[in-house]
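I have placed the structure first, in the form of structure tokens, so that the comments after it can refer back to it.
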Amino acid sequence: MQIELATPATVTGAPDLGDPAYLKIRDVIYRISGIYQPEEKLYLLASRCARRMSVVNAKTPAEYLEQLTIGGNRDAELRLLLNEITIGETYMFRSPLQLEALQTVILPQMLEAKNKSGLKRLRLWSAGCSTGEEPYTLAMFLLEQNQKLLAGWTFDILATDINDRSLEAAKDGIYGEYALRSTSELLRKKYFNSYDAKRLQVTDQLKSLIRFDRVNLNDDSRMTFLKGMDLIFCCNVLIYFDLASKRKVVQHFYSNLLHGGYLFLGHAESLYQVDDRFRLVHFPGTMGYWKPPIGYTGESKL
Amino acid sequence: MKTLDEIRARIKELEVMPAIPAIVQPLTAMLRLPAEQVDLDRVVKMVSYDSTIAAQCLRMANSPLFGRRNTETVRSAIMALGLKRVQAILLGCCLNRIVPPDKWALDAVVFWRHSLGCALVSRRMAKLIGYPDPEKAYLAGLLHDLGILVNTLTSTEDYRRCVQAARDAHVALERSEEEHLGFTHCQSGRILAEHWHFSADVIEVIEFHHHTAAPETHPLVSLIHLSDLLCRLRDLGYGYYEAMGVDLAGEEAWAALVSHYPALANLDLTRLTMDIEASMDEIVAVVDEVFRT
Numbered sequence: 107m108q109i110e111l112a113t114p115a116t117v118t119g120a121p122d123l124g125d126p127a128y129l130k131i132r133d134v135i136y137r138i139s140g141i142y143q144p145e146e147k148l149y150l151l152a153s154r155c156a157r158r159m160s161v162v163n164a165k166t167p168a169e170y171l172e173q174l175t176i177g178g179n180r181d182a183e184l185r186l187l188l189n190e191i192t193i194g195e196t197y198m199f200r201s202p203l204q205l206e207a208l209q210t211v212i213l214p215q216m217l218e219a220k221n222k223s224g225l226k227r228l229r230l231w232s233a234g235c236s237t238g239e240e241p242y243t244l245a246m247f248l249l250e251q252n253q254k255l256l257a258g259w260t261f262d263i264l265a266t267d268i269n270d271r272s273l274e275a276a277k278d279g280i281y282g283e284y285a286l287r288s289t290s291e292l293l294r295k296k297y298f299n300s301y302d303a304k305r306l307q308v309t310d311q312l313k314s315l316i317r318f319d320r321v322n323l324n325d326d327s328r329m330t331f332l333k334g335m336d337l338i339f340c341c342n343v344l345i346y347f348d349l350a351s352k353r354k355v356v357q358h359f360y361s362n363l364l365h366g367g368y369l370f371l372g373h374a375e376s377l378y379q380v381d382d383r384f385r386l387v388h389f390p391g392t393m394g395y396w397k398p399p400i401g402y403t404g405e406s407k408l
Numbered sequence: 043m044k045t046l047d048e049i050r051a052r053i054k055e056l057e058v059m060p061a062i063p064a065i066v067q068p069l070t071a072m073l074r075l076p077a078e079q080v081d082l083d084r085v086v087k088m089v090s091y092d093s094t095i096a097a098q099c100l101r102m103a104n105s106p107l108f109g110r111r112n113t114e115t116v117r118s119a120i121m122a123l124g125l126k127r128v129q130a131i132l133l134g135c136c137l138n139r140i141v142p143p144d145k146w147a148l149d150a151v152v153f154w155r156h157s158l159g160c161a162l163v164s165r166r167m168a169k170l171i172g173y174p175d176p177e178k179a180y181l182a183g184l185l186h187d188l189g190i191l192v193n194t195l196t197s198t199e200d201y202r203r204c205v206q207a208a209r210d211a212h213v214a215l216e217r218s219e220e221e222h223l224g225f226t227h228c229q230s231g232r233i234l235a236e237h238w239h240f241s242a243d244v245i246e247v248i249e250f251h252h253h254t255a256a257p258e259t260h261p262l263v264s265l266i267h268l269s270d271l272l273c274r275l276r277d278l279g280y281g282y283y284e285a286m287g288v289d290l291a292g293e294e295a296w297a298a299l300v301s302h303y304p305a306l307a308n309l310d311l312t313r314l315t316m317d318i319e320a321s322m323d324e325i326v327a328v329v330d331e332v333f334r335t
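Respectively, the protein sequence lines represent chains A and B.
Note that the working numbering has the first sequence beginning at 107, numbered continuously upward.
Note that the working numbering has the second sequence beginning at 43, numbered continuously upward.
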């Protein structure tokens, strides 16, 4: 799942963005889910709240804040609000700057380090892959690097989700215009066959690179065995976890990764005060969490 | 690498060393006075005399970046912004004028987005970590790349090639400068800043903002080093893709700054980054309105 711009809510009158309750709601969401909404984007938050407010009959943001913080139903309500904020539908090539960073900075560095060990293999994990847009994007991206950067390398992608229906859809790999809105004509021709008048299906070649599996990120026994990852992508999944389980999952991710590997989260997600072992690395327009090599002491221009 | 004296000689030879804009001096002098001795009418007059500067004061005072105040007169804009900010605006506008529009190697708008972005981020970081003079941080952020203007004026054609080479190779501008000019904007900026009698800490920022921090470095240098990197990583750089990944909290400048301002160790960097991203549109709008030549 990825964050999607909210469509305007059907409420009468514009919300009063100066209402301090919105900032407090923003802070509650950030503290619990790690999703941050800058002040300049409060109008989006307000429109998302408006929909929930009309359902639960809260007349003011302050009243709604109360339901989110001390109401008997607060956990469920927060989840419903998060559902408004992160709309489930996503599309391929959603984060071009992430791929750009992979291509220009991360992979060259990673390949050089791995070359020394002689094992020319990359393992990627899309944790919370939903209906498959992310792992297929990664597969296309890697195949496109096959002649140049990744010549002589093998790679495999593990794509997991807790939701069986999402996984089935992911395995079918049938997508409409929305999912393909950022996929170029060239890539469509190369990696898709037509399925019906409006939809395309991914080729078997693409599917063969991905192993789909049902994994509950809270299941310690499963998580312990998913070792040797180079890159983990986990977008807008941890936001639904409480702090304790979020910490546990992130610790698992840390041990699942090889040294020098990266964890990527959703664009507005933060691990602030969740974990202090990962290093936050800034790339142009995107960020990743890095498991540094043993002995790393800082000062890293990658 | 050329020595400072060699660069100095070259710049003098070219006889294009710009004079400090006349309007800046009286304002700077006034800033040294105690607040009650400042003649606000005189400042209003100085600012109103120049329509670009007046417009920028109004635009800034009304921008959400500075708290949006619905200011309509130059006087209330100056009161809202404070004298230090007005000085920074004056310097920015005057500096923009010393470069003829056809000489720019970087686009003027790109340069000012980076400078204004760095000023804002420096001020924000200064406030977050408890640095005592956020307005100084703003000014230092605005002026840190002064040397780019010097290079543009003194080495126009060479500098165009240098910027193009950096753009093609996706590398940092100062690396390309070393290769193509034999000196960097840090060195040439220092020479002009000295010539204009900038304060010692701002001169240090201009010369050392790309260097890794020595223990005795002024904290302002470390602060600008970090906010410069952050801006370049958030589309407020030099207008091209710089292929880099930076562990900001692993930078020596970070450690140096933490030793002076321990609050930095707990700074929520993702949140600061997202705030910068959210300010982008307004920074672009302000710069487009004021600096588009």
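Ideal Cβ positions, reconstructed from N, Cα and C, are used throughout, including at glycine.
For clarity, every value in this text was computed on a predicted model and none was experimentally measured.
| Query | Result |
| --- | --- |
| Residues in the stretch 190-213 of chain B with C-beta within 8 Å of chain A's C-beta atoms, listed in sequence order? | His212 |
| Could you give the residue range of the beta strand (DSSP E) that holds A:Trp231? | 227-233 |
| My output table needs one value for A:Arg317: the three-state DSSP class, helix, strand or coil. | strand |
| Which residues in chain B have a C-beta closer than 7 Å to the C-beta of A:Ala207? List them in chain order. | Gly287 |
| Anyone know if the C-beta pair for A:Asn299 and A:Leu332 falls short of 7 Å? | no |
| Kindly indicate which residue of A:Ser351, A:Ile338, A:Asp382, A:Ala127 has the alpha-carbon position closest to the one of A:Ile212. | A:Ile338 |
| Does A:Lys147 get closer than 7 Å to chain B when you measure Cβ to Cβ? | yes |
| So, at 7 Å on beta carbons, what are the nonlocal neighbours of B:Thr113 in its own chain, with the 5 sequence-adjacent residues on each side left out? | Leu100, Ala103, Asn104, Ala119, Ala122 |
| Is B:Gly281 close to chain A, meaning its C-beta is less than 7 Å from at least one C-beta of that chain? | no |
| Could you please tell me which residues of the stretch 140-168 of chain A, in chain order, have their CB closer than 8 Å to any CB of chain B? | Tyr142, Pro144, Glu145, Glu146, Lys147 |
| Let me check one thing: in DSSP terms, what residues is A:Val387 bridge-paired to? | A:Gly394 |
| Distance cutoff 7 Å, beta carbons only. Does A:Thr118 sit that close to anything in chain B? | Any reading at A:Thr118 must be qualified, since the residue scores a pLDDT of 48, below 50, and its modelled position is unreliable; the value itself is stated next. No, its Cβ sits nowhere closer than 7 Å to a Cβ of chain B. |
| In or out: A:Lys352 buried (at least 16 other Cβ within 10 Å) or exposed? | buried |
| Which stretch, first to last residue, makes up the alpha helix (DSSP H) that contains B:His302? | 294-302 |
| What's the gap between the Cα of B:Asp83 and the Cα of B:Arg313? | 41 Å |
| Pull up the distance between the alpha-carbon of A:Ile268 and that of A:Asn342, whole angstroms please. | 14 Å |
| Spell out whether any CB of chain B is found under 7 Å from the CB atom of A:Val426. | Since the displayed chain A opens at 107 and closes at 408, residue 426 of chain A lies outside it and no answer follows. |
| So with Cβ pairs under 7 Å, would you call A:Tyr413 a contact of chain B? | In the structure as shown, chain A begins at 107 and stops at 408. Residue 413 of chain A is therefore absent and cannot be evaluated. |
| My parser needs the alpha helix (DSSP H) runs of 4 or more residues fully inside the stretch 149-190 of chain A; what are they? | 167-175 |
| According to DSSP, simplified to helix, strand and coil, what is B:Ala122? | helix |
| Quick check on the DSSP output: the alpha helix (DSSP H) that includes A:Asn362 runs from which residue to which? | 349-362 |
| A:Gln173: buried (16+ other C-beta within 10 angstroms of its C-beta) or exposed? | buried |
| Drop a sphere of 10 angstroms on the beta-carbon of B:Glu199, count the other beta-carbons inside from all chains shown, and report buried for 16 or more, exposed for fewer. | exposed |
| Have a look at A:Met216 and A:Ala245 and give me their C-alpha separation to the nearest angstrom. | 18 Å |
| Output yes or no for whether 7 Å exceeds the beta carbon distance between B:Ser269 and B:Ser157. | no |
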